[in-house]
Amino acid sequence: MKVIDNICKNCTLGSKKYAVVAVKKDVTYVLISHDLLKTQKTRKQHLRVTVELYDYATELYNELSRIGIIEQLSNVPQLGAIRVEHKLEKSRYDYVILQLYLHQLVQENLGKNLKFTYGSGIGLHEFGADESKLEGIGAISVADIVQVLTLAYNIGHFYNTFVSSRAVIMMANANETFRQLLYNGSTDERFSQVLETYLADKNYLRFHLLNSLLVLDKCNPDLYSVKLAREILYAYINEDALEQNNKLKYAFSIFRSIRSVAYIAYDLQVAKVSFTIDLNDEKAMILLLGELLSQYNDRRSSTQLIQSISKLLDDAVYNENSNVLCHCGIAKRMVNVLKRDCDFENEDYYADYFLNGNSPLNEKQSLKTDYDKKQILKLTFDKKDGAIAERLFSDLESLQNVRVGYYDRSNGDKTIVLAVKKSITAEKKQKAAFKVLKATVAALRKVGSIKDYDKRYLLSTKFFLYYLFDENPVNIKPTMNEERCVLCTKGKSKRIKNLKNLLETSHAGEDAKHEVEFMESQLVQDYRNDTSICVPASIEVSKKEEPGKQLCEFDGIVIHPMRKSEQVVFLEAKNTADRPGYGKKCLRRKLSKLKVSYKEEEIIVVDHDAVMKYSV
38 MKVIDNICKN
48 CTLGSKKYAV
58 VAVKKDVTYV
68 LISHDLLKTQ
78 KTRKQHLRVT
88 VELYDYATEL
98 YNELSRIGII
108 EQLSNVPQLG
118 AIRVEHKLEK
128 SRYDYVILQL
138 YLHQLVQENL
148 GKNLKFTYGS
158 GIGLHEFGAD
168 ESKLEGIGAI
178 SVADIVQVLT
188 LAYNIGHFYN
198 TFVSSRAVIM
208 MANANETFRQ
218 LLYNGSTDER
228 FSQVLETYLA
238 DKNYLRFHLL
248 NSLLVLDKCN
258 PDLYSVKLAR
268 EILYAYINED
278 ALEQNNKLKY
288 AFSIFRSIRS
298 VAYIAYDLQV
308 AKVSFTIDLN
318 DEKAMILLLG
328 ELLSQYNDRR
338 SSTQLIQSIS
348 KLLDDAVYNE
358 NSNVLCHCGI
368 AKRMVNVLKR
378 DCDFENEDYY
388 ADYFLNGNSP
398 LNEKQSLKTD
408 YDKKQILKLT
418 FDKKDGAIAE
428 RLFSDLESLQ
438 NVRVGYYDRS
448 NGDKTIVLAV
458 KKSITAEKKQ
468 KAAFKVLKAT
478 VAALRKVGSI
488 KDYDKRYLLS
498 TKFFLYYLFD
508 ENPVNIKPTM
518 NEERCVLCTK
528 GKSKRIKNLK
538 NLLETSHAGE
548 DAKHEVEFME
558 SQLVQDYRND
568 TSICVPASIE
578 VSKKEEPGKQ
588 LCEFDGIVIH
598 PMRKSEQVVF
608 LEAKNTADRP
618 GYGKKCLRRK
628 LSKLKVSYKE
638 EEIIVVDHDA
648 VMKYSV
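Here the sequence shown stands for residues 38 to 653, numbered as in our numbering.
Here it is as structure tokens:
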């Protein structure tokens, strides 16, 4: 409220007391003062716990401590290369202990509600063909499985966690000598099989499990806990081969549920969101874990809750757009250092690269952002379209002035993230964005049964228009159909057919229909059967200095991404009977505001409308 003509303090309305009643331009406003957070429950800052390890886990913990792995685990940041405020920093060791503590809570308070208690025995036959490798081992319980797995699962992380794993896979797929160095790490045939699969799939999210197996190879091979840990890991990696009713599968599901709660509880503290999980509230934690694990509950709601929070953290923390680009850049720098400085023929992968704190894979990395963080394109591809996504990623990587990264989602989908280099001219940015659009459209056209109005066409188009319009924010607002704002088709007949369909099925006003009719009339005169993007919608451009304040609006645009010239067709449709030059005048004014260069004669008047073709 900028102007207040009259103020009455401590006024009352009815039985309620308000801070201020203000009058502005003959309108009375009530400004309510109210304490929404009166007396809050004090939240403890520390949670000191004692975790009881059973025999196998105790023996394994002591052995890992003896060879220096527990100390290393204490020095590995929970979130790897992701920067965290100092007071909120956690280590992978913290994360392991939290999981063990949560398992203990479940065992002590919820055991009877589980399908199998933590004390339930698991026979050696559950390990299948690998039963012989556990000869001599006594009784094993569900508790033994989850405790040993919690330790073994986490000991294989580099200092930079997944960023380094990504670099290793990139290096192994680019250099045969380094690849062989990985294979030489273990004599177990199963290790080679898993390694081959992970390298082929570029599975950086699970590569640390191979490091874990190498750590176990360095332990005392006569220890039953070491043997058990190794077979648990191989069973976990090859879980799909286990029978459905196998108790190991149940133990693994409990492990994953607890792991999810643990990282969510820690990482919500880092995320800029309005809620957290209070680990100090034991009763509340038991309630949450009970809802998630009890066989007597409908667990769908609690499972969906955990999945939703995981998705939130995925977007806000782990794979925040800028982080993805930055971390992919770090992985590339690691690879360059490995290629330049390392002698793979005379080195050992475990000692020189994994264990060595000074190796390129374990050095703390600086976060460099030489790209435009204001406009980042994000495209997600279904798991079945993984090959198309990889090819697109490769094509985008080859473009000048473009920074590109990707990450794998837990469901197997792949997301590509892209930005334009910021320290270049506006013209170069525009050309780079157009090349991105061209490559993206070419890739999307290969996706089976893709709709002409797929959302990824819209996102790619907005990305290009942002740079075409002098880095002013762009919003594409539906006028004819809520879904069909951006249409990508190949061939003259199909793009005209799509527009005719819009006109026949839409209940839009006459002005909106006239705009589409004008677009159709221009496409009728275009006889090329290439791929085109039609935007039969309102293209709103806002001021970059004043977000939300409209700068101008276009009635429609056509983009021909595969052409070498006249790729953009600007349209200005005027559903009026007078002022035949009005359309040209309006288009001219808009182009000037957006610093789009043009010649006066390039704007063609068609009745009361106007059209101009622009070359990128």
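Note that the Cβ used here is the ideal one computed from N, Cα and C, for glycine as well.
Report all residues from its chain with a CB closer than 7 Å to the CB of residue i; omit the five preceding and five following residues, and keep chain order.
i       : result
Gln-467 : Tyr-504, Leu-505 and Val-653
Ile-640 : Lys-621, Leu-624, Arg-625, Ala-647 and Met-649
Val-523 : Tyr-490, Tyr-494, Leu-495, Thr-498, Ile-513, Ile-570 and Val-572
Gln-402 : Ala-118, Asn-197 and Ile-367
Leu-270 : Ala-189, Leu-246, Ser-249 and Leu-250
Arg-296 : Gln-136
What does residue i pair with, by DSSP beta-bridge criteria?
i       : result
Pro-114 : Ser-128
Leu-608 : Gly-593 and Val-648
Glu-577 : Asn-512 and Glu-590
Cys-379 : Note: Cys-379 sits in no beta bridge, so no partner.
Lys-458 : Tyr-408
Thr-224 : Looking at the DSSP assignment, Thr-224 forms no beta bridge with any residue, so it has no partner.
Leu-524 : Cys-571
Lys-451 : Phe-418 and Asp-445
With a threshold of 16 other CB atoms inside 10 Å of the CB of residue i, please say whether the residue is buried or exposed.
i       : result
Pro-114 : buried
Asn-317 : exposed
Ile-182 : buried
Phe-312 : exposed
His-245 : buried
Ser-294 : buried
Ala-388 : exposed
Gln-184 : buried
Ser-249 : buried
Ser-396 : buried
Ile-69  : exposed
Thr-76  : exposed
Asp-63  : exposed
Ser-262 : buried
Glu-638 : exposed
Leu-404 : exposed
Val-478 : buried
Asp-644 : exposed
Between which two residues does the alpha helix (DSSP H) harbouring residue i extend?
i       : result
Phe-215 : 213-220
Ser-629 : 619-630
Leu-433 : 423-434
Lys-529 : 529-542
Thr-498 : 492-505
Glu-464 : 463-481
Below 6 Å CB to CB, which residues in the same chain sit around residue i once its five sequence neighbours on both sides are set aside?
i       : result
Pro-510 : Ser-579
Leu-416 : Ile-453 and Arg-493
Arg-203 : Tyr-241 and Ala-368
Leu-101 : Ile-107
Lys-529 : Asn-566
Leu-502 : Val-511
Glu-603 : Lys-650 and Ser-652
Along the chain, where does the beta strand (DSSP E) that runs through residue i open and close?
i       : result
Phe-665 : Absent from the model: residue 665. The displayed extent of the chain is 38 to 653, so no value can be given.
Gly-442 : 439-445
Val-561 : Element bounds for Val-561: not the beta strand (DSSP E) but the alpha helix (DSSP H), 547-561.
Ser-102 : Here Ser-102 belongs to no beta strand (DSSP E); instead the alpha helix (DSSP H) covers 92-103.
Val-642 : 640-643
Val-64  : 64-68
Thr-568 : 568-572
Apart from the five residues just before and just after residue i, which ones in its own chain have a Cβ nearer than 8 Å to its Cβ?
i       : result
Ala-180 : Tyr-91, His-140, Gln-144, Tyr-155 and Gly-156
Asp-407 : Arg-440, Lys-458, Lys-459 and Ser-460
Lys-39  : Low confidence applies here, because Lys-39 scores a pLDDT of 43, under 50, leaving its location unreliable; read the following figure in that light. Correct list: empty, nothing qualifies.
Ala-209 : Phe-215, Arg-216, Leu-219 and Leu-236
Ile-206 : Tyr-235, Leu-236, Lys-239, Asn-240, Tyr-241 and Phe-244
Ile-346 : Ile-301 and Leu-305
Gln-412 : Ala-456, Val-457, Phe-500, Tyr-503, Tyr-504 and Glu-508
Tyr-132 : Gln-115, Asn-191, Ala-299, Tyr-300 and Tyr-303
Arg-120 : Leu-404
Leu-125 : Gln-306 and Val-307
Any chance you could list the alpha helix (DSSP H) runs of at least 4 consecutive residues sitting entirely within the region 227-289, in chain order? Runs found: 245-254 and 261-274.
Enumerate, from N- to C-terminal direction, the unbroken alpha helix (DSSP H) stretches of 4 or more residues contained entirely within the region 281-364. DSSP runs (the alpha helix (DSSP H)) wholly in the region 281-364: 284-304, 319-330 and 337-350.
Which residue spans inside the region 130-211 form an unbroken alpha helix (DSSP H) run of at least 4? With a minimum length of 4 residues, the continuous alpha helix (DSSP H) runs that stay inside the region 130-211 are 179-191 and 199-211.
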